[in-house]
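Everything on this sheet refers to the single structure shown next.
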Amino acid sequence: MPIQFPRYIEDLKPYISGKPIEETQREYGVKRVTKLASNENPLGPSPKAVLAMKKAMKDLQLYPDASGFALRHAIAKKEGVTFDEVILGNGSNEVIELLLRTFCIPGDSMVASDGVFAAYPISARIQGVETISTRMTQDYRFDLPAMLEQIKKNPRVKIVALPNPNNPTGTYVTDAELFPFLAAVEKVRGGSVHVMLDYAYQDFVTAKDLADPLQHYRNFSHVSVLKTFSKIYGLGGLRVGYGIMKPELAKYVQKVRMPFNVSSMGLVGAEAALEDKVFIKKSIQVNRAGMKLMKQAYEKMGIPFLPSQGNFFLINTRQGFGMSGAEVFEESLKKGMIFRPVTNYGMPDWLRISIGTEAQNKLAVKVLEGIKKSSKV
25 MPIQFPRYIE DLKPYISGKP IEETQREYGV KRVTKLASNE NPLGPSPKAV
75 LAMKKAMKDL QLYPDASGFA LRHAIAKKEG VTFDEVILGN GSNEVIELLL
125 RTFCIPGDSM VASDGVFAAY PISARIQGVE TISTRMTQDY RFDLPAMLEQ
175 IKKNPRVKIV ALPNPNNPTG TYVTDAELFP FLAAVEKVRG GSVHVMLDYA
225 YQDFVTAKDL ADPLQHYRNF SHVSVLKTFS KIYGLGGLRV GYGIMKPELA
275 KYVQKVRMPF NVSSMGLVGA EAALEDKVFI KKSIQVNRAG MKLMKQAYEK
325 MGIPFLPSQG NFFLINTRQG FGMSGAEVFE ESLKKGMIFR PVTNYGMPDW
375 LRISIGTEAQ NKLAVKVLEG IKKSSKV
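With this note's numbering applied, the sequence shown covers 25 to 401.
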């Protein structure tokens, strides 16, 4: 008798990551490859994190602190919360999985929007949880009234995914929109529906109407806040993220969290990165300068793009080049430049381009200008 797998695993479409540099070099025979595909910090990792990890390497034979005591205390101090409100994850992706595992059983549902970060529906599917998706608005933002309607009408909805700003669109929900939404959700089924506020890109935000998510966290009992060390701190390779949630919820999430889920290097590096003020400030400056440069370049080339509050832009390749996102992606690979098609998000005519260093940004513009020149538009 053949092995039988759950239908929700059989039908699972795995996450599509950014194309690796080494793979591009092999396939296209190009020596110099620039990757602007995964919203990574172009300055590299936090120097303080690197130094701390070098010092800690002599103890690699030891298991890490399973409780993450020092890092959780450092995060609690930074965020103005208590130690018991902090949950560590192997990247914020794991925190998503932990919350789904804690709140849901197979057959339950999660409400999200079309275009939401792919880790959410994939993580839900792995748990046997259905994702109920609502359409984005015409300006590619989350339709909160539509999401609220689905939450109210579907009794098996246990959790809501709300990354803010969202990846890959870069669009966001304002505080004025978010507060009444959270208040309304809290009234549904006795406040039993949990909302995950994912602020992975918070450090890049310039909008005045998108503030610290902890104000919402403090006002509502059914809200958790997710953050990561992969972006502003430049530690994507370490896989460290965290969630902030009420102690009574955190107690249950800790039960489903596997021990040693964050490595010793991750714990030490992340703790040191929190104190690297100079690096954080420089990373913000580089991103803002890069966003300005690329915005001006897209406007000059006549390439439509979505206003972004992240460290990336989503450009419309159909209108800008007369080509699909995958086609522009393919042409860019031939020139040693890796961007990110978003066909898997149901957006075949768009391409996400991360912000790099000034030199990388200018090279990206040169590559796009070359493709544009040979295109039909």
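Cβ atoms here follow ideal geometry from the backbone N, Cα and C, with glycine treated the same way.
- According to the DSSP secondary-structure assignment, T155 is paired through a beta bridge with M134.
- Residues of the same chain with a CB within less than 7 Å of the CB of Y52, apart from the 5 flanking positions on each side, are L357, K358 in chain order.
- Contact between V292 and A80 holds, with the beta-carbon distance rounding to 4 Å and staying under 8 Å.
- In this structure, the CA atom of E272 is about 26 Å from the CA atom of R263.
- Classified as exposed, L86 has fewer than 16 neighbouring CB atoms from the shown chains inside 10 Å of its CB.
- DSSP, read as helix, strand or coil, puts H218 in strand.
- If you keep only unbroken beta strand (DSSP E) runs of at least 3 residues inside the region 325–377, you get 336–340.
- Contact between G267 and G113 holds: their C-beta atoms lie close to 7 Å from each other, under 8 Å.
- Pairing T381 with M347, the inter-Cα distance amounts to about 27 Å.
- Taking 8 Å as the cut-off, the Cβ atoms of C128 and V153 count as close.
- Rounded to whole angstroms, the gap between the alpha carbons of A185 and E351 is 31 Å.
- The Cβ atoms of Y257 and A297 sit closer than 8 Å to each other.
- Excluding sequence positions up to five before and after R281, its CB lies within less than 6 Å of the CB of L122, all in the same chain and listed in chain order.
- Secondary structure of S248 (DSSP, three-state): strand.
- In the structure shown, the three-state DSSP call for I268 is strand.
- With 16 or more neighbouring CB atoms inside 10 Å of its own CB, V391 falls in the buried class.
- Around the beta-carbon of Q309, fewer than 16 other beta-carbon atoms lie within 10 Å, marking it exposed.
- Annotated three-state conformation of P145 is helix, per DSSP.
- About 5 Å separates the beta carbon of T193 from that of G139, a gap short enough to meet the 8 Å contact definition.
- If you draw a straight line from the Cα of P189 to the Cα of D222, it is about 8 Å long.
- With a cutoff of 8 Å on beta-carbon distance, Y225 and A143 are scored as not near each other.
- One Cα belongs to E64, the other to G215, and the distance between them is close to 36 Å.
- Under the three-state reduction of DSSP, G293 is assigned to helix.
- Contact fails between the region 233–249 and the region 30–44, because fewer than three Cβ pairs, one in each stretch, are under 8 Å apart.
- Between I339 and P331, the C-beta spacing is not below 8 Å.
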